[in-house]
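Asker: The following block contains the structure, expressed as structure tokens.
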Amino acid sequence: MVGERLGERIKVREELIKKACSLSFKAHKSPGKPYLLEKVRGGALPEVIFVFSGSWSVGDWFSSTSGKAFGETKVDLDLFPSLRNIGNVDEVAAVNDAFFKRFNEILMTPSFKKEVNKAVTDKKQIVFAGHSSGAATAILATLWFLDHNGQVQPNKTQIITPRCITFGSPLLGDRIFPHSLRRENWDNFFIHFITKHDIVPRITLSPPSSIQQDFQTILNILNPKSPITTHENFSNFFVTVMKNVQSVTSHAACNMMGSTNPLLQTITSFVQLSPYRPFGTYILCSGNGKLVVVKNSDAVLQLLFYSCQLKSGEEIRDFGLKEHFGYENELEESLEMQNVVYLDNYLKEVPLSSDASVVGEAATVNAALNDLGLSTRARLCLRAAGELQEQKQRNERKINSNKKEIEEKLKIIQDYQKGCTLRKVGYYDTFKIQKDDKDFHANVRRVELAGLWDEIIEMLKRYELPDEFEGRKEWIELGTKYRRLVEPLDIANYYRHSKNEDTGPYLVKARPKRYRYTQRWLEHAERMAQGSSYESCFWAEVEELKSRNKPDEDMKKILELERDISVWVKGGEIGSDMFLGESTFAKWWRELPEGHKRGSCLAQFMNN
Amino acid sequence: MEAEASSFETSEILATFLGSTPLLSDSWNLCRHANSAAPHGFLVNRIAGVAYVAFSGVQTVAGLDSDLTGCRNLVALDCDATAGLFSELRCRGGEAEEEPVMVHAGMLNLFLSMFKYTDFQFQIFELMKQSKSIVLTGHSIGGTIASLSTLYLLSYLQSISSPLTSVLCFTFGSPLLGNESLSRAILHERWGSNFCHVVSKHDIVPRLLLAPLSPLTPHLHSLLQYYHFSMKDLTVQNIQLLPNEMKNEIFLLVLAYAESSAKLEGGQRPGRESFWPFGSYVFCTNKGAICVDNEIAVVKLLHLMFSTASASSSVEDHLKYEEYVGKFLSWQFLKTEGLLEGEFLDYSSYEAGVRLALQSSEISSHEPAFEPAIQCLKTAKRMGRTPNLNSANLAIALSKITPLRAQVEWYKKTCDEFDENRMGYYDTFKLRGASKRDDKVNMNRIKLARFWDDLIHMLDTNQLPHDFQKRAKFVNASHFYKLLVEPLDIAEYYRTGMHRVKGHYVKHGRERRYEIFDRWWRNRKVGDEENNNRSKFASLTQDSCFWARVEEAREWIENTRSERDTRKLSMLLENIDKFEQYASGIVERKEVSTDVLAENSSYHLWVKEWGELKSQLQQFPPQFPGFFEGNVVP
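Heads up: the protein sequence lines correspond to chains A and B, in order.
For the working numbering, count along the first sequence from 1 and bump the result up by 233.
For the working numbering, count along the second sequence from 1 and bump the result up by 72.
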């Protein structure tokens, strides 16, 4: 947009960026202090910056105890509950263990939490910042803050969202990071500056085993306090790292471009590819004052390789090292120039050739790509990243167009449910008996709906929908409605065919993903305990309790179920047709011990 | 179909990925070492958790030049000599007829003698104990041995159902190994992705067997000898040892046959006595590399790149892998070349990608091979629509046909529970008259079969993801389909008297899809679910061939009436006895659905017939001494 400054666009004061940068370097030089805190004035709100110092020992970059090739470990969900896939609970984000441990140590110091809390109470704009490995700590601090201070405080006042500003940060989280951040709408809060030849943002794309020989030596020269500024092994190190970056990026590009060759998978099982991926907003400094802003994680990953194609050993020595320290000057110049390109909107049609005779904004984009030194291959990879994003949006539009059909079919099942209730047998049991044509038709609707929802789940499993999808309110609502209305029919069908005898209890062995996912959407959105919203499958619990027929042993479970059912019925989350005289539920309940029934919270419903 | 504008050419980026990994250079280094240090043998090494086995390219192979067997020296892989080593690898044709999977006789002999007379097996098993990833590799004929060893290993691993070891085969300038049936059998087993053949642009050896070589026997001897000398020591390369005239003759012959092989279009098939590639090919040049897995495209590129060669470059290129691999490792890295000129501005992403791929293949726009090469990559792209997209579409298609299955279920239910004939759905369908309801079910049966057959066809032709048959959704759906609908297929088979034409269903009439689904179900991940005893009859009979067995058993009873030969008669009775044990077992365990027990079902009829027969037999027991001593009578 013409005239809009970078700071306005990314909603961070430019003075604050510069301040964060100089403080980040200052932090390295304050021995003994893991972080510095500085109050800044000049913005609309009083601001406070937490900057974290870096560390330069190998053990603080790659943990040797995580047992994984890239020193990664699953995140602690108590600290970072949002860093996971919602539908597929097995997909928990992985984080670089060494960086996490360093952050955790700081979190454990009594002063840190206190100072953060004070800043929140004082309604200050909080900024977490850092350079190099200090940046990694800043990122984790921000994520921790976002998950723990929620969007809303207990007293209902809107929290002031924090900012994270990093300089030359290494990658530290796997692909679940960008996925979760987009879903939570947090990716705007992370601003990462990297200069185009800085080796540090690329290091964790290399398996530590491939660089271990030189790594400590190189870290020593990357330490700003170090008197040594270069080393003969640096070129070698640089080449090894970039070789590994090429593996990761070309592998990603094969997938983005839809390679059909199964050899890709075979090779992948033979080599170790870094799990780490970029997330948040990246701002690449081209080295001549221009800035390129990209949020698309796939595109950033490609740029990490293609923007860093140094030719000779001399070039590597000259740029590869120096650029890790050049952020202050680089920012000074580029914030002055305000020559900024926002690449995300152009990814799909970036010019393929450097001398493309394009005009207008496309020409500005092209000039910036030339400054980054992007070849045609690089530009094709950017296009593929843009195309993939577009494809996800197309998929979502297609899924959205099914909404009406889903609503209509739900309406038919609702009518079926009403009809059954009028005839004094609940729809669960009517369906289970499957006697009339109308039962058969309801079954066909059930199967058709399953098809529509399975399509969504399939796409989600393969990350073919926008990352935001599982946070969309209208889908969470529709999913809940569907789940509450139709899942009882799936359960009825399951127990009608006695499939529990072939495969085990419905809830353990057979519950379809379309219900598991939609339940988790609601639980995550409402911040409910995992598994608490099982109102749609209480029938399965009833069936299992009934077939076990050991009420005394199961009493704890029975009490729990009764309590939950009474809450759900009162809250209107489920209907009350289960209390009709001949229902599976009523028959089972009547067989419960007399003493229990008298005191049961469901007695009033059953006696009506 | 995705629009071409939004698609990308990936043959080049895939090769880039391959080149960026250490696999290729580590393989080649060991190959080179094996050539010089272990002629006629192999070497073993382990690097970073991956085990490498390299077979020397210095091998004396019989019959490369002469035509011993009358069909280009191909022999069936499933012959006595191989003693079942490759038993998992069969080429299933569309119909019952199987085409023989054939490989080069001389190469097979080399492999077998290595297998029998060296510690090859022992070494491989030792490696498998230490490593979960094994790369088999070789230069020249060593590459062919590596391919055969890989086939053996894959076959072995499949026979013991061990998914734990990953196997990958890298060959460098390997001659072709077998015929098109071999290639299709490998696709069927989904082993294509385990083979990667690196071929330099002009190398004559990978193209050699496209031509019948018997006219050039003496020339070939000199050529192979020359290669052996040079491979043992790469520093001694003296191309002058080979007369130009000789090189020319071989080159022209091979070029002519490569050209005619490349004329084949999609859909056409080469003769069963022609050699044919399988797996992926990586074509490398001085400017880069591309990786292609469509066989037709591979054959065309083998020809097109060869057509830019000269007689001497075609001979020399076989010894240049050191250079190519070296370039491959460093070429793209740190390079900003490959900027297309402004004239390409209007190209779509896809067109631009194809042109970059050609740049990497060193085919420039003024060469006659340029246009055909472009067409070739485009065709390969069209034929390889992304497997993932296909499987996503299949998931949708599955949900669309599920209502058809629901109708069949409803049919079963109404037949089993409400029909006044009391026959169950199997017999109702078998004896059906002309009713709308039965017609509709038959229609659904046919539509469902078509869906699953199409799916299997896609699987056979590598159009689905490699782990497709492990996806619970399809494993479960296919199993359920089989249990519900196969009885109808059996009913149709016996209704139309096919058993009299082709033989009984289980052996002669069963569709391949059901056998495949059996395999999927057997190989699925089974949890620790307890196998509780059933409290009531299953909703579907758990042996989907139950009715076919009933039909056979009924025929046996029928036959006993006319059988006069006592030996044959006692055999029949033994069969009937076995069936009875099987059937009463499955009924007792309640693994059958209620339709089996319907009053007028074929099974019930069989029980009655058998009862009658037994009482008849008991009246004349002396004829069958010993038969009733067993526990036949329940």
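Glycine residues also receive a C-beta, built at the ideal position from the N, C-alpha and C atoms.
Under a CB-based cut-off of 8 angstroms, is V775(A) close to chain B?
Answerer: Taking Cβ atoms only, chain B never reaches closer than 8 angstroms to V775(A), which makes this a no.
Asker: Using 8 angstroms for Cβ pairs, my map puts T154(B) next to G684(A). What's the rounded Cβ distance?
Answerer: So it is not a contact: roughly 47 angstroms between Cβ atoms.
Asker: Under DSSP, the beta strand (DSSP E) around H274(B) begins and ends at which residues?
Answerer: Segment: none, H274(B) is in no beta strand (DSSP E) and carries neither H nor E.
Asker: Find out if the Cβ-Cβ distance for the pair N477(A), S530(A) is shorter than 8 angstroms.
Answerer: No, these two residues do not count as a Cβ contact at 8 angstroms.
Asker: Could you check whether the region 646-658 of chain A touches the region 436-444 of chain B, counting it as contact only if at least three pairs of C-beta atoms, one from each stretch, sit closer than 8 angstroms?
Answerer: No, they do not touch.
Asker: What residues of chain B sit near G684(A), judged by a beta carbon separation below 8 angstroms?
Answerer: Per Cβ cutoff of 8 angstroms: I468, L470, S471, K472 and T474.
Asker: Please state whether the Cβ-Cβ distance between I232(B) and G129(B) is less than 8 angstroms.
Answerer: Cβ distance not < 8 angstroms, so I232(B) and G129(B) don't count as in contact.
Asker: Please state whether DSSP places M73(B) in a helix, a strand or coil.
Answerer: Summary for M73(B): the model assigns pLDDT 35, below 50, so the residue's position carries little reliability; its value from the coordinates is reported in the next sentence. If DSSP states are grouped into helix, strand and coil, M73(B) belongs with coil.
Asker: DSSP three-state call for S780(A): helix, strand or coil?
Answerer: Helix at S780(A).
Asker: My guess is that L312(A) and W419(A) are in contact by the Cβ rule of under 8 angstroms, so how many angstroms apart are they, rounded?
Answerer: With a Cβ gap of about 15 angstroms, L312(A) and W419(A) do not count as contacting.
Asker: Quick one: is H430(A) near chain B, going by C-beta distance under 8 angstroms?
Answerer: H430(A) does not count as touching chain B.
Asker: My parser needs the beta strand (DSSP E) runs of 3 or more residues fully inside the region 292-368 of chain B; what are they?
Answerer: Those beta strand (DSSP E) runs which fall completely within the region 292-368 of chain B and span 3+ residues are 352-356 and 361-364.
Asker: Is the region 90-101 of chain B in contact with the region 493-503 of chain A, if contact means three or more CB pairs nearer than 8 angstroms?
Answerer: Yes, since at least three Cβ pairs between the region 90-101 of chain B and the region 493-503 of chain A fall closer than 8 angstroms, the two stretches touch.
Asker: Just the C-alpha distance for V360(A) and S809(A), rounded to the nearest angstrom, thanks.
Answerer: The alpha-carbon atoms of V360(A) and S809(A) are separated by roughly 52 angstroms.
Asker: Taking only the alpha-carbon atoms, compute the straight-line gap between E776(A) and A485(A) and give it to the nearest angstrom.
Answerer: Those two C-alpha atoms are separated by around 47 angstroms.
Asker: Specify the secondary structure class of S205(B) as computed by DSSP and reduced to three states.
Answerer: Reduced to three states, the DSSP call for S205(B) is strand.
Asker: Could you round the C-beta distance between Y393(B) and F244(B) to whole angstroms and report it? I think they count as a contact, below 8 angstroms.
Answerer: About 5 angstroms separates the two Cβ atoms, so the contact holds.
Asker: Jot down the residue ranges of each uninterrupted alpha helix (DSSP H) in the region 497-558 of chain B, minimum 4 residues, whole runs only, in chain order.
Answerer: Complete alpha helix (DSSP H) runs here, min 4: 508-532.
Asker: What's the C-alpha gap between P574(B) and T222(B)?
Answerer: Per the sequence shown, the amino acid found at residue 574(B) is Lys instead of Pro. Distance between the alpha carbons of K574(B) and T222(B): 38 angstroms.
Asker: Can you name the start and end residues of the beta strand (DSSP E) that A70(B) belongs to?
Answerer: Nothing can be reported for residue 70(B): it is not among the residues displayed for chain B, which extend from 73 to 706.
Asker: Does H399(A) come out as helix, strand or coil in the three-state DSSP assignment?
Answerer: The sequence shown places Thr at residue 399(A), not His. Note: T399(A) maps to strand in three-state DSSP.
Asker: Assess contact between the region 574-590 of chain A and the region 465-481 of chain A, defined as three or more Cβ pairs (one per stretch) separated by less than 8 angstroms. Is contact present?
Answerer: The region 574-590 of chain A is not in contact with the region 465-481 of chain A.
Asker: Given that K608(B) touches chain A, what residues does it touch there, using C-beta distances under 9 angstroms?
Answerer: Under the 9 angstroms cutoff, chain A gives S731 and E734.
Asker: Hey, could you find the ends of the alpha helix (DSSP H) M475(A) is sitting in?
Answerer: Counting along the chain, the alpha helix (DSSP H) containing M475(A) begins and ends at F467 to M489.
Asker: Indicate whether F512(A) and P403(A) have their beta-carbon atoms separated by less than 8 angstroms.
Answerer: Their beta carbons are not under 8 angstroms apart, which means F512(A) does not touch P403(A) by this criterion.
Asker: Would C448(B) count as contacting chain A if we go by Cβ distances under 8 angstroms?
Answerer: With 8 angstroms as the cut-off, C448(B) does not count as an interface residue toward chain A.
Asker: For Q690(B), does the count of other Cβ atoms within 10 angstroms reach 16, so buried, or fall short, so exposed?
Answerer: Answer is exposed; the Cβ neighbour count stays below 16.
Asker: In whole angstroms, what separates the C-alpha of I243(A) from that of I250(A)?
Answerer: The straight-line gap from Cα to Cα measures roughly 11 angstroms.
Asker: Cutting at 7 angstroms between CB atoms, please list the residues of its own chain near I362(B), excluding the five before and the five after it.
Answerer: Excluding positions up to five away in sequence, the list reads S83, E84, A87, F355, A429, S432 and S433.
Asker: From this set, E237(A), R317(A) and V281(A), which residue's C-alpha is nearest K694(A)'s C-alpha?
Answerer: The candidate whose alpha carbon is nearest that of K694(A) is R317(A).
Asker: Is I500(A) close to chain B, meaning its C-beta is less than 8 angstroms from at least one C-beta of that chain?
Answerer: At least one chain B Cβ lies under 8 angstroms of I500(A).
Asker: Helix, strand or coil, according to DSSP, for V480(B) in the structure here?
Answerer: In the structure shown, V480(B) sits in a helix (DSSP, three-state: H, G or I).
Asker: Can you check whether the C-beta of D687(A) is within less than 8 angstroms of a C-beta belonging to chain B?
Answerer: By this cut-off, D687(A) is an interface position.
Asker: Would you mind sorting W403(B) into buried or exposed? The rule is 16 or more other CB atoms within 10 Å of its CB.
Answerer: Confidence in W403(B) is poor, its pLDDT being 48 and thus under 50, which makes the residue's placement unreliable; the coordinate value appears in the next sentence. Counting Cβ neighbours within 10 Å, W403(B) comes out buried, since at least 16 surround it.
Asker: Using the C-alpha atoms, what's the distance from F187(B) back to I119(B)?
Answerer: Each residue's Cα considered, the two are about 24 angstroms apart.
Asker: If you draw a straight line from the C-alpha of A371(A) to the C-alpha of I319(A), how long is it?
Answerer: A371(A) and I319(A): Cα-Cα distance of roughly 25 angstroms.
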